[in-house]
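4 protein chains.
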Amino acid sequence: MGEKSVKKKQYILNTARKVFMEKGYSAVTMKDIVDACEISRGGLYLYFGSTDELFREVLKLESEETDDTFAGQIGENPTPSDILAVFLKEQKKELLHKGDSLTIAKYEYLFANSEIPRKDNYLRKQFETGVKVLTKLFESGNEAGEFSCEDPAGTARNFMYVIEGLKITSQTIGITEQTVDKELMFLMQGLGITN
Amino acid sequence: MGEKSVKKKQYILNTARKVFMEKGYSAVTMKDIVDACEISRGGLYLYFGSTDELFREVLKLESEETDDTFAGQIGENPTPSDILAVFLKEQKKELLHKGDSLTIAKYEYLFANSEIPRKDNYLRKQFETGVKVLTKLFESGNEAGEFSCEDPAGTARNFMYVIEGLKITSQTIGITEQTVDKELMFLMQGLGITN
Amino acid sequence: MGEKSVKKKQYILNTARKVFMEKGYSAVTMKDIVDACEISRGGLYLYFGSTDELFREVLKLESEETDDTFAGQIGENPTPSDILAVFLKEQKKELLHKGDSLTIAKYEYLFANSEIPRKDNYLRKQFETGVKVLTKLFESGNEAGEFSCEDPAGTARNFMYVIEGLKITSQTIGITEQTVDKELMFLMQGLGITN
Amino acid sequence: MGEKSVKKKQYILNTARKVFMEKGYSAVTMKDIVDACEISRGGLYLYFGSTDELFREVLKLESEETDDTFAGQIGENPTPSDILAVFLKEQKKELLHKGDSLTIAKYEYLFANSEIPRKDNYLRKQFETGVKVLTKLFESGNEAGEFSCEDPAGTARNFMYVIEGLKITSQTIGITEQTVDKELMFLMQGLGITN
DNA sequence: TATGAATGAGTCTTCATTCAT
DNA sequence: AATGAATGAAGACTCATTCAT
């Protein structure tokens, strides 16, 4: 596949991502993608054989970008509090822009593909990464005397479940920024932080 | 509609519920229901005009049954701890039987119908009821000296978000009974309960 | 068939006529009739086997009633002018109440049943009766010195074609009372009448 | 749409026209068209979304062709009599080929779409054009001394109503060429022509 | 590579008609 | 006589997928 084709593939993926953001996963048809990309039906099939394949590649693309973003946000010599602040800010941002993220599409995709191997489960990786990052954070926070957290791993998991709860709630029940803030504040208080 | 057709309607609803449990919401077609019920196409339309209508009635039916179940589980003169135990046991039961509950279908339904009026949002009602019940529970637990909970309302919300997080996690990432127990234990410890 | 059944049949026919007046012929289903009559599906089939059969009986009923109406309108010892006036008034009335007559249904019925034997063709009978009546009228008008009409039969046919033209025009293009009056006036002038 | 598909669209329209000529408007289904064209269901929907849309395009096509035909029939420096002859010949041709014209379909279409804006009403345009053409014709015929017609506009309208009457009569009652000739002759005599 | 016309399977929906009660 | 539940055929419409160019 030549350089040109690679660019076109990128273009299709970017356009498809927008479509998935708007319509979720299960409602998206190949025609939707074709229309959005303004290419021919046959042209799309040269690159992707199904919406399923498309979505998986969109996910892959996104996970790469997310890593970059997160790394970029953290300055040099950050304190545990700094990192936690960035982490929670990122989570808040993601769960507040309903209809403008892949969240619903991801859920729908996993619902429709319950037999996905654990290692390919994007949400699971994200969740476990979150737990790891937070655990480390709480441990170093304890050492630095910034947090007081008896069970870092347990607290980390608790944080992540609350965040998952907020995420799904924002997509199904609806949620305001105040509610999110209140909830995150509650978590922080459990750490002995009150700022 | 005669007595006979009421029964048939019940039959269709029960059968449809099973279909929704197996296939979720968005993938279910009227044909799926027809096949599962072993009736004619026209026969189904005599009772329900769309999968949407069917699903809403399945939900209604379920909410009635759930109320009964919950009421039935609580003995006489229950202590706050008793009630909390029943409540958590119910939640645990629901979130563990993946593929055997309407959870996914409910999420998909709300994804596909983002414009549902708040008052008709079944999940929202369930969430808010949960918060209210838990808040009352924590208050009376405080009075009875069983719990020590500084912020009953905040803690109640926190509980519910964790439960929502566990629920969606169990459907997308997968979860073991041990994980659920560990997580619920963590919540209980926050109340000063260690049994 | 008992007396009771006869009444029910009448009831169904009268109700069906209203339906045909509203919806024409081809768009009417047995369900429409059933709903309008507020009887059961099976009940309707006891009396009529199809919308076709129903419509034919509605037509028969109407032709009987029309004859009565026409006879009733003409007083004793009428002059040719009197009769012509009544005749044209009737025609005008029929062709002006668009949407409130069987006109469209009749046309649709004949379109859909081009193989109807001439003798059963209701419109044909009506047309020919009209020609006969008018011919007689013009002849006696000539004798009485009221009209001056060289070719009574030809003029009669001409009248009837204009009336048919007005009728179809009112249903397809739309027509005002003024237009009808103007046109009828034009016809009268041809007879040497100017009132 | 490429050159090829323009041809296919033409082909479908021509085939559909034949179907409408045979079956009228309301009885025609997309399947009828598909079968007549010997294409696939989906193939038809590529070009037309409904029988309604198809019929409107058939009408458009026809109106263009009719204009051409009419213009082509009139030689150079025609006298009013010549033009009238061509006009009536055209009308006669149209109203005699029952089952081989779109007349019934047009009527049914208007019956089924009573809310068509006046400006889009094809029959109305045709009728009014006819009135205008005839009025001009009678006026110039008067000037040329070929006709003697006191009320050109009134006579023109009268002609058109008779023609409409003949048209609907030929489709519902049936009519012979002799009858048409007799009737047109009667009209001509009113103009003082006896050829 | 790329196009877009074409296909046919699959789903939705309505209707005439039957039949057990 | 009368009911209305039930059926299955028929038509509308959409979509993934293929293929000649």
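Residue numbers (this note's numbering), protein chains in the order written: chain E, 1 to 195; chain F, 1001 to 1195; chain V, 2001 to 2195; chain U, 3001 to 3195. For each residue, glycine too, the CB sits at the ideal point set by N, CA and C. Quantities reported herein were computed from a predicted structural model and do not represent experimental measurements.
Minimum C-alpha distance to Glu2183(V) - residue among Leu2102(V), Leu2095(V), Phe2055(V), Glu2108(V): The shortest Cα separation from Glu2183(V) among Leu2102(V), Leu2095(V), Phe2055(V), Glu2108(V) belongs to Leu2095(V).
For Pro3117(U), three-class secondary structure by DSSP: Of the three classes helix, strand and coil, the one that applies to Pro3117(U) here is coil, per DSSP.
CB contact check: Arg1056(F) to chain E, cutoff 9 Å: It does not: the Cβ of Arg1056(F) has no partner Cβ on chain E nearer than 9 Å.
For Phe3138(U) and Cys3149(U), believed in contact at Cβ under 8 Å, the rounded distance: Yes, they are in contact, since the Cβ atoms of Cys3149(U) and Phe3138(U) sit about 5 Å apart, within 8 Å.
Contacts that Arg1124(F) makes with chain E (C-beta to C-beta distance below 7 Å): Those within 7 Å of Arg1124(F) in chain E are Ile173.
Presumed contact (8 Å Cβ cut-off) between Val2162(V) and Leu2187(V), rounded CB distance: Rounded, the Cβ-Cβ distance is 6 Å, consistent with contact.
Beta-carbon neighbours of Gly2154(V), restricted to chain U and to distances below 7 Å: Around Gly2154(V), the beta-carbon contacts reaching into chain U at under 7 Å are Phe3186.
Distance CB(Phe48(E))-CB(Glu38(E)) smaller than 9 Å: No, Cβ-Cβ distance for Phe48(E) and Glu38(E) is not below 9 Å.
Segments assigned alpha helix (DSSP H), at least 4 residues, entirely inside the region 3095-3183 of chain U: The region 3095-3183 of chain U contains these whole alpha helix (DSSP H) runs: 3103-3112, 3122-3143, 3152-3172.
Where Phe2186(V) sits in the DSSP three-state scheme: Phe2186(V) falls in the helix class under three-state DSSP.
Helix, strand or coil at Ile2012(V) [DSSP, three-state]: Three-state result, Ile2012(V): helix.
Listed by chain order, chain F residues near Glu183(E) by CB distance under 8 Å: Residues of chain F with a Cβ closer than 8 Å to the Cβ of Glu183(E) are, in chain order, Arg1157, Asn1158, Tyr1161.
The alpha helix (DSSP H) enclosing Tyr45(E), as first and last residue numbers: Taken as a continuous stretch (DSSP letters only), the alpha helix (DSSP H) holding Tyr45(E) covers 41-47.
Three-pair Cβ contact test at 8 Å for the region 125-134 of chain E versus the region 1115-1131 of chain F: No, the region 125-134 of chain E does not touch the region 1115-1131 of chain F.
Per-residue DSSP class, three states only, for Ser26(E): Ser26(E): coil per DSSP, three-state reduction.
Helix, strand or coil at Ala1193(F) [DSSP, three-state]: Per the sequence presented here, residue 1193(F) reads as Ile, with Ala not at that position. For Ile1193(F), the three-state secondary structure derived from DSSP is coil.
C-beta atoms of Ser1026(F) and Glu108(E) nearer than 9 Å: Yes, Cβ-Cβ distance for Ser1026(F) and Glu108(E) is below 9 Å.
Three-state class that DSSP yields for Thr1079(F) in the structure shown: When secondary structure is reduced to three states using DSSP, Thr1079(F) falls in the coil class, being assigned neither helix nor strand.
For Asp1100(F) and Thr1015(F), the rounded distance between their alpha carbons: The C-alpha of Asp1100(F) is placed about 13 Å away from the C-alpha of Thr1015(F).
Glu38(E) - DSSP class collapsed to helix/strand/coil: Secondary structure of Glu38(E) (DSSP, three-state): coil.
Neighbour list for Ser2140(V) in chain U, Cβ cutoff strictly below 8 Å: Per Cβ cutoff of 8 Å: no residues; Ser2140(V) is ~21 Å from chain U at best.
Status (buried if at least 16 other CB within 10 Å, exposed otherwise) for Glu1146(F): It is buried - the Cβ of Glu1146(F) has at least 16 other Cβ atoms within 10 Å.
As assigned by DSSP and simplified to three states, the class of Ser2063(V): Note: Ser2063(V) maps to helix in three-state DSSP.
Arg2041(V) classed as buried or exposed, judged by whether at least 16 other C-beta atoms fall within 10 angstroms: Burial call: exposed.
Nonlocal neighbours in the same chain, by C-beta distance under 6 Å from Leu3059(U), ignoring five residues either side: Close CB contacts of Leu3059(U) within its chain, under the 6 Å cut and outside five residues either way in sequence, are with Tyr3122 (chain order).
For Asn1113(F), the nearest candidate out of Gly2(E), Arg17(E), Ala112(E), Lys23(E) (CA to CA): Ranked by Cα distance from Asn1113(F), the options Gly2(E), Arg17(E), Ala112(E), Lys23(E) are led by Lys23(E).
Leu134(E) and Pro152(E) closer than 9 Å at C-beta: Taking a C-beta distance under 9 Å as the contact criterion, Leu134(E) and Pro152(E) qualify as a contact pair.
Backbone CA spacing between Ile2168(V) and Lys2008(V) [nearest angstrom]: Spanning the two alpha carbons is a distance of roughly 34 Å.
Where the region 1013-1030 of chain F meets chain E: residues whose CB sits under 8 Å from a CB there: Hits within the stretch, in order: Gly1024, Ser1026, Ala1027.
9 Å Cβ cutoff, Gly99(E) in contact with chain F: Interface annotation, Gly99(E): in contact with chain F, CB-CB separation under 9 Å.
C-beta neighbour in chain U for Glu2094(V), strict 9 Å: Not one chain U Cβ lies under 9 Å of Glu2094(V).
Spatial neighbours of Gly174(E) in its chain, beta-carbon cut-off 8 Å, leaving aside the 5 residues before and after: Counting only Cβ-Cβ distances below 8 Å, and skipping sequence neighbours, we find Lys98.
Neighbour flag for Ile168(E) against chain F, beta carbons, 9 Å: With 9 Å as the cut-off, Ile168(E) counts as an interface residue toward chain F.
Straight-line gap, Glu2050(V) to Met2030(V) (C-alpha atoms, nearest Å): Before going on, a small fix: residue 2050(V) reads as Ser here, not Glu. Rounded to whole angstroms, the gap between the alpha carbons of Ser2050(V) and Met2030(V) is 7 Å.
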